[in-house]
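A short write-up of the structure that comes next.
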Amino acid sequence: MISMNIKKECSSCLLCADAPCSKNCPHNIDPAKIIRSLRFTNYQGAFARCQDICLNCDAPCEKHCLAPNSVRIKDILSYCLKKKKENPIENKHGDIHTDICGIPIENPFLLSSSVL
Ligand code: SF4
Ligand code: SF4
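Going by numbering that gives the first Met the number 0, the residue at position 83 of the sequence shown is 82; the numbering climbs one at a time, nothing skipped.
Next comes the structure, spelled out in structure tokens:
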């Protein structure tokens, strides 16, 4: 689970294609992918991708965000990093991201509740 504040922050993300936040991360963290994982409740996947480098970064990802002042990327990633450290084993192996017929699926369990 994640806090309501973090959920709210993530809900402001525009889920950009070719996301400028990720393109401007000098450390290849891919914050857009992490936020997308959080949006689709793949929490362990999000936590597993977070790294300490964000804590000492001046966050150029935020400066290039297309939803400025709405998505505090560094705060989101710092929160995920804290969650990762609280339960390192579960969060290292719990990524549920997969591909189905070449289509990336962030959370395959969401399909089980589909009417299709
Ligand atoms: S805070 Fe820095 S290292 Fe972390 S995703 Fe943003 S630009 Fe990359
Ligand atoms: S640029 Fe901003 S709005 Fe777009 S994916 Fe990244 S965090 Fe979300």
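Just so it is clear, CB atoms sit at the ideal spot from N, CA and C, and this is done for glycine as well.
Asked                                                                                        : Found
Any non-hydrogen atom of ligand 4 closer than 7 Å to residue 58 Cβ                           : As far as ligands go, the structure on display features ligand 1 and ligand 2 and does not contain ligand 4.
Pair within 8 Å by beta-carbon distance, residue 9 and residue 75                            : yes
Range covered by the beta strand (DSSP E) that runs through residue 99                       : 97-99
Same chain, Cβ closer than 6 Å to residue 0, five either side skipped, listed in chain order : none
Coarse secondary structure for residue 30, derived from DSSP in three states                 : helix
Residue 115, DSSP secondary structure in three states                                        : With a pLDDT of 49 at residue 115, under the threshold of 50, the modelled position of this residue cannot be trusted; read the value that follows with caution. Coil.
Under 8 Å between C-beta atoms of residue 118 and residue 106                                : Not covered by the structure: residue 118. The range shown for the chain is 0 to 115.
Where residue 80 falls, given that 16 or more other Cβ within 10 Å makes a residue buried    : buried
Check whether residue 20 and residue 30 have beta carbons under 8 Å apart                    : yes
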